[in-house]
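Residue 183, in our numbering, is where the sequence shown stops; the numbers in between run on with no holes.
Ideal placement from N, C-alpha and C gives every residue a C-beta, glycine not left out.
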Amino acid sequence: MFDFSKNYFELFGLPVGFRLDTAQLAARYRELQKVVHPDRFAAADAGSQRLSLQGATLVNEAFATLKDPLKRAQYLLALRGVEQDPQKSTLNDPAFLMQQMELREALAAVSSAQDPRARLDALLDEIGGMIKHQLARLAVQLEDGGADQLAAAAETIQKMQFLNKLHAQAEAIEADLEEAI
């Protein structure tokens, strides 16, 4: 079928790096799914069916990892020997943490704003801009690949996790506002 020892980038025939062509990734995903999809092996022996299922699972996992910038960054760090343990790592950036607290307070106050939708849209734009900024930093840090840059990338990933969670909370508030109309 294919080599299960390949990393996700090799599996998809892509260069190892943070920046990637998402259209090429999606096209390669469809090609790989055609090869390993379990429906193609419905009449095959049990061993072939099992390999097909394992291959499809690997392809799906690899695709989900590579298409998500945060997961892709975490995977790249792991490939480079930098393991992140969320239980042991703390973010040491007081200004960023203060900014997060202020944004959370602003989100909590959206419902009492004079124009909740406009306030929420402004917050979503602000958070989105922060996410884009962190993604740009990650791209530079991971492409450089030096030890200091990889350590900085690990910290940027932590910031991305904060921002993604904050963005998800803002979207939940947005959904609540939609329902209230």
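inquiry  = Does the contact criterion of 3 or more C-beta pairs under 8 Å hold for the segment 157-167 versus the segment 89-107?
reply    = These segments touch.
key: Cα-Cα separation, A111 to G147   = Residue 111 sits at position 109 when you count from the first residue of the sequence shown. Residue 147 sits at position 145 when you count from the first residue of the sequence shown. Their Cα atoms are separated by approximately 41 Å.
query = For the alpha helix (DSSP H) that contains V54, what are its first and last residues?
reply = Taking the first residue of the sequence shown as position 1, residue 54 is located at position 52. Position check: residue 54 holds Ser in this sequence, whereas Val was assumed. Here the alpha helix (DSSP H) through S54 covers 48-69.
request  = Would you kindly report the start and end of the unbroken alpha helix (DSSP H) that includes N166?
outcome  = Here residue 166 corresponds to residue number 164 of the sequence shown, with the count starting at 1. Segment 149-182, the alpha helix (DSSP H) holding N166.
query = Buried or exposed: which applies to R119, given that a residue is buried once 16 or more other Cβ atoms fall within 10 Å of its Cβ?
reply = Here the question's residue 119 lines up with position 117 in the sequence shown. With fewer than 16 Cβ atoms within 10 Å of its Cβ, R119 is classed as exposed.
ask   = Under three-state DSSP, which class holds A110?
value = Against the sequence shown, residue 110 aligns to sequence position 108. Looking at A110 - three-state DSSP - the assignment turns out to be helix.
request  = Identify whether D23 lies in helix, strand or coil by the three-state DSSP scheme.
outcome  = Taking the first residue of the sequence shown as 1, we reach residue 23 at position 21. Note: D23 maps to coil in three-state DSSP.
inquiry  = With distance defined between alpha-carbon atoms, name the residue in A138, D127, E181 nearest to H169.
reply    = As a position in the sequence shown, residue 169 is number 167, starting the count at 1. Nearest option by C-alpha distance: D127.
ask   = What number of angstroms, rounded off, separates the C-alpha of K69 from the C-alpha of Q163?
value = Reading the sequence shown from its first residue, position 67 is the one you call residue 69. Reading the sequence shown from its first residue, position 161 is the one you call residue 163. Those two C-alpha atoms are separated by around 16 Å.
key: Alpha-carbon spacing of Y77 relative to T24, whole angstroms   = Residue numbering aside, residue 77 sits at position 75 when the sequence shown is read from its first letter. Residue numbering aside, residue 24 sits at position 22 when the sequence shown is read from its first letter. Whole-angstrom Cα-Cα distance: 16 Å.
key: Chain-order list of residues whose beta-carbon lies under 6 Å from that of A115 (same chain, five-residue window excluded)   = Stepping through the sequence shown from its first residue, residue 115 is reached at position 113. Cβ neighbours of A115 beyond the five flanking positions: R121.
task = Could you round the C-beta distance between Q136 and L165 to whole angstroms and report it? I think they count as a contact, below 8 Å.
result = Indexing the sequence shown from 1 puts residue 136 at position 134. Indexing the sequence shown from 1 puts residue 165 at position 163. Yes, Q136 and L165 are in contact; Cβ-Cβ is about 6 Å, under 8 Å.
query = Under the three-state reduction of DSSP, which class applies to R2: helix, strand or coil?
reply = Here the chain comprises residues numbered 3 to 183, so residue 2 is not present and cannot be evaluated.
key: DSSP state of V37 mapped onto helix, strand, coil   = Against the sequence shown, residue 37 aligns to sequence position 35. Helix, per DSSP.
Reference L72; option with closest CA among S7, R21, F14, N9 = In the sequence shown, counting from the first residue as 1, residue 72 sits at position 70. The option with the nearest alpha carbon to L72 is R21.
inquiry  = Counting beta carbon pairs with one atom in the segment 35-53 and one in the segment 138-145, are three or more of them shorter than 8 Å?
reply    = The segment 138-145 makes no contact with the segment 35-53; the number of CB pairs closer than 8 Å stays below 3.
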